[in-house]
Structures are given as C-alpha cells and as structure tokens.
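A short write-up of the structure that comes next.
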Amino acid sequence: MNKTNNIKDYNPRKVYILFSFIFSLSLTSCAQQRTFQLDKSYDEKITTSLKHATSHTINAMLSKEGESKGNYRWLKGEWESYEAAWHTGQAIYGLLDAFEVTKEQRALDAAVKAGDWWVGLQFPKGHQLEGYLNAQHDNKLGHLINTTTIADGTPGLFNLTDVTGDGKYADVATSAGTWILDNLYIPEERLSYNFVDSQTGEIWKTKSPHSQHQGEEFNIKHVARPNAEGYLWLDMFYYTGEERYKTAFIEICDKLVDDQSPSGFWMEYEPNDPKKGGVHGRFNTWNAEALVEAYKLTNEKKYLETAVKCADALANVQDNRTGVIWYASYLDGNHDKRSPCGSCTSYAGVLWLSLWDLGYDRFEQPIREALEFTLVNQFNENHPDKNLAGAYYGIRQRSKKNGQMQLYYRDINTAFGMRFLSQIHQSAFKK
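Just so we're aligned, residue 4 is where the sequence shown starts under the working numbering, counting upward by one.
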C-alpha cells in the first residue's frame, strides 16, 4: 500500500501535518512514477486472482476472531498456530492492498476484524510487560515472544489506521515498538534482543533457543539482530513525529549497511546459517526493504546500494525456469527443492518492483518470472481441500526422526502474494 495515498485521511494527532509534510518532500522517490508494462489481459487475471485469494483469506486463513491460523498440516488436514501476530499483520497488509485493486468491501471488513484481534494482544496496565504485545511465537519456541513477530506484523496495522481513520491500530503498534526501543534495543550494538518470555518477562540476553547456536561460544548476534523487519520505528516516526524513532531506525539501517556480507545477504544473523552457507528465503528481503525505505527518507545512496546488492543476490537464487525462490538456498548454488516458497518469491517481487520503480531495469525479468509463478501456481478456487482453495502456492516438507513425513502450507504465502500482485497491478493499470 502506498502510504502517501490514504483512502481516508485522518488526524489522530496534531503531528499528522508533519507526516504529510515529510512525505510531500520525498514524493518523487516514494510514489510510483513508472508504469510496469503488462498486456491488458493481466488486468483481469490479477484482479480475479486477488478475489480468489481474498476468499481464501476470509474462509480459510483467518479464524472467526480474525487470527491468522499459521501452518496447515496437509497430511493431517489441520491448522497449527505459528507466529500469529506476524502472519495476521501480513494478512491485513495483503487484504488492504487487494482492496485497493478489487474494491471488495469484504476485504476491508476482514482486515478490520484481523486488526481488532491484533490490538487485543496488548498487555494491560499493571502487567510486567505493560504496553508490549503478547505475540507468542508458538511452534518450537512456545510462549517466547520474537521481536520480529511483532515488528514485521505492524505495517498492516499502520495501513489499517490510514484506511479506516481509527488510530487504535497504529497506537497499539506504536506502543509495542516503544517497548522494544526502551527495553530491547542495545544502542552500542545497534541491535535489539530477539526474545522475551511472555510468562516471566525475562529478556533472553545470553542464551538462544535456536539449535544452530548450541555449543558455540556466545556472540551477541546469537540473541540480537537489527530487527529492521517491517521498518516499525520508521512508521512510528511518520505517525508521531518523534525524532528518536527516526534516529533509531537510521541506526539499525546503518548497522545493516555495515554488516552486509559480500554475498549480498546478512549471513551473520539467524535464520541465515553461516556454517552451512544457508540463506533464508525472506529474512534478507526484509532488511533490503527497510533500506529502501531509509533511502526514501534520507536520499542517501548507501542504503539504496546495499538494498540493490541484496536484490541482485535474490535474483541469482531465483529459479529461472519456474520463477520460484526456495525457502532455503545455499551460497554454493544449491537449494532445498523440497521447499518451493510462494512468500519468498512474492516478497522478492515486491522488493524488485520498488527498485525497478527507482530505475533499476535489470529487475524487470525477475519480476515477470515471479508474477508468472504466483499466478500459475495458485490453488484452484474450487480445490477439494477448502483449506487451500484460492491460496498462493508454497510447500515445505520435513521428516521426523521416526520417519513420519511433515508436509505443510504456510498462510503467509497468500498474504505476500496479495501484496505483490496488488502492487504490480497498481503500477501497470492504475489510472
């Protein structure tokens, strides 16, 4: 969603004037000026696809309360909760982008319901984590709260305030981001701690729950990252006008510039795995997206150049035959081909499109390949498994020690797919 073009203007605080002024200064770099050339037939193709994806989101992805269900265990036919705050925030983002294209009221209504669930996670007054968000990771990490689970779920909440004029969504996201800055940020390291125990309030400062770090000599990067995903502090700055949020955002973006690996990725930070040369399909894209936003804010080329280096690296791991990016790729050129990842592909498409719009024409072909993958591999709207009907494709396969296979679909494939297709449609066909 283009944050400079709100569907409904709002003024939750006096600083909204500052918000508009800042964006007007950077309008040339922020707003899409170019038109991505697509055949007219894609107008209907994309719109129809988004309608099917919206149906999937409403009927299968979100619970009656508005919570994203997480992972669909295909062999069992059951959903399993996984980082619900992040998944729900991205579902909101995708629904609002789809709403801009399809104008379907049901997409907006579903986004509001999901937003109401999200803000309901806020810890109440008097709680030891007052102001933070009870965004438990679930899955292997149980009741731990991952900073990124919150940060990468927040853009949809700020967008929802933009669209509805209701400030509660951005207010709760801002409260959570302030708690992170006040309690988890390490200024001298320009990193934020990753994990907080939702039950005890403990901040994990010297131990990691991840198996890849076990047995290693402790390193601060085992328990803290720039956590720039979702560019939360930037949205907070635009929303409130408070300079300290802008300062913190620029600090972590400078850290990303300093710590980028020669490969174009950020190999020192999990979930990348420097020992195995493993590259996570989305983590690096999050960092690059934040750097593009830093460039739009400051016009400093170092941020753009670092983002472009990552975008080039992503294009190199894209499968040129199918357009897919795998959930796990490796620096030696190999991939885990059990994990064709729709969300990784769509999200890279979002990044490439933003850079193409800034003049980097070499990303046109990767964008087109990602577009075709997303459209061609959407589950049919009449698929016999109603949990998958209309979803954008992405599958992961694992095996347990007892030989039992695990095959699952993760719902963010559709959330990111809606974002990508909506944004490319806006570029190609918006009058």
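Beta carbons are placed, not taken as given, at the ideal position from N, Cα and C, and that holds for glycine.
So what does residue i bridge to, in DSSP terms?
{"i": "Asp200", "result": "Leu147"}
{"i": "Ser195", "result": "Tyr188 and Arg228"}
{"i": "Pro343", "result": "Trp329"}
{"i": "Asp276", "result": "Gly281"}
{"i": "Trp82", "result": "Tyr75"}
{"i": "Gln125", "result": "Leu136"}
{"i": "His338", "result": "Ser332"}
{"i": "Ile206", "result": "Val199"}
{"i": "Leu65", "result": "Ser71"}
Nearest to residue i by CA position, among the options, is which residue?
{"i": "Tyr172", "options": "Thr209, Gln429, Tyr242 and Glu192", "result": "Tyr242"}
{"i": "Pro190", "options": "Glu254, Ala114 and Ser52", "result": "Glu254"}
{"i": "Gly397", "options": "Glu220, Gln36, Gly73 and Gly159", "result": "Gly73"}
{"i": "Arg401", "options": "Ala63, Ala331 and Gly180", "result": "Ala331"}
{"i": "Leu259", "options": "Asp364, Ala297 and Asn222", "result": "Ala297"}
{"i": "Ala88", "options": "His55, Leu184, Ser71 and Gly284", "result": "Ser71"}
{"i": "Leu334", "options": "Gly326, Glu245, Gln321 and Gly345", "result": "Gln321"}
{"i": "Asp360", "options": "Cys313, Arg247 and Ile427", "result": "Ile427"}
{"i": "Asn230", "options": "Asn319, Asp112 and Thr288", "result": "Thr288"}
{"i": "Leu36", "options": "Val166, Phe126, Asn290 and Leu356", "result": "Residue identity check: residue 36 is Gln in the sequence provided, not Leu. Among Val166, Phe126, Asn290 and Leu356, the Cα nearest to that of Gln36 belongs to Leu356."}
{"i": "Ala251", "options": "Gly345, Glu192, Ser58 and Arg324", "result": "Glu192"}
{"i": "Arg324", "options": "Glu375, Leu307 and Tyr363", "result": "Glu375"}
{"i": "Ala94", "options": "Met421, Cys344 and Cys256", "result": "Met421"}
{"i": "Gly134", "options": "Lys79, Gln381 and Val122", "result": "Val122"}
{"i": "Leu424", "options": "Glu68, Val104 and Trp82", "result": "Val104"}
{"i": "Glu107", "options": "Leu65, Lys54 and Tyr196", "result": "Lys54"}
{"i": "Asn390", "options": "Met64, Lys48, Asp46 and Gly336", "result": "Met64"}
{"i": "Asp364", "options": "Ala314, Lys43, Glu271 and Gly280", "result": "Ala314"}
{"i": "Leu317", "options": "Thr164, Leu354, Tyr248 and Lys128", "result": "Leu354"}
{"i": "Ala101", "options": "Lys128, Leu194 and Val166", "result": "Val166"}
{"i": "Gly80", "options": "Gln409, Gly362, Asn416 and Asn337", "result": "Gln409"}
Below 8 Å between beta carbons: does that hold for residue i and residue j?
{"i": "Tyr411", "j": "Trp207", "result": "no"}
{"i": "Ser349", "j": "Ala310", "result": "no"}
{"i": "Asp155", "j": "Gly233", "result": "yes"}
{"i": "Arg414", "j": "His90", "result": "Note on identity: in this sequence residue 414 is Asp, with Arg being the wrong assignment. Yes, they are a contact pair."}
{"i": "Leu99", "j": "Thr60", "result": "no"}
{"i": "Asp261", "j": "Trp269", "result": "no"}
{"i": "Thr38", "j": "Ala431", "result": "yes"}
{"i": "Val2", "j": "Thr209", "result": "The structure shown does not extend to residue 2, since the chain is modelled only from 4 through 434, so no value can be given for it."}
{"i": "Ile370", "j": "Gly352", "result": "yes"}
{"i": "Glu205", "j": "Asn149", "result": "no"}
{"i": "Ile153", "j": "Leu136", "result": "yes"}
{"i": "Trp119", "j": "Ser84", "result": "According to the sequence displayed, residue 119 carries Asp and not Trp. Not a contact, by the Cβ cut-off of 8 Å."}
{"i": "His283", "j": "Asn275", "result": "yes"}
{"i": "Leu147", "j": "Phe221", "result": "no"}
{"i": "Gly92", "j": "Thr50", "result": "no"}
{"i": "Phe161", "j": "Asp238", "result": "yes"}
{"i": "Tyr188", "j": "Lys224", "result": "no"}
{"i": "Tyr96", "j": "Gly159", "result": "yes"}
{"i": "Phe366", "j": "Leu358", "result": "yes"}
{"i": "Ile183", "j": "Ser201", "result": "no"}
Less than 8 Å between the CB atoms is what I'm expecting for residue i and residue j, so what's the real figure, rounded?
{"i": "Ser346", "j": "Phe419", "result": "4 Å"}
{"i": "Thr57", "j": "Ala110", "result": "5 Å"}
{"i": "Ser52", "j": "Gln381", "result": "6 Å"}
{"i": "Leu235", "j": "Gly180", "result": "5 Å"}
Is residue i close to chain D, meaning its C-beta is less than 8 Å from at least one C-beta of that chain?
{"i": "Trp236", "result": "Protein chains in the displayed structure number just one, and chain D is not present."}
Legend entry - Minimum length 3: unbroken beta strand (DSSP E) runs contained in the region 352–418: DSSP runs (the beta strand (DSSP E)) wholly in the region 352–418: 399–402 and 408–413.
Legend entry - Segments of 4+ residues assigned as alpha helix (DSSP H) that fall wholly inside the region 149–187: The qualifying runs are 150–154, 158–167 and 171–186.
Legend entry - Length-filtered (4 minimum) alpha helix (DSSP H) runs lying within the region 235–272: Complete alpha helix (DSSP H) runs here, min 4: 235–243 and 246–262.
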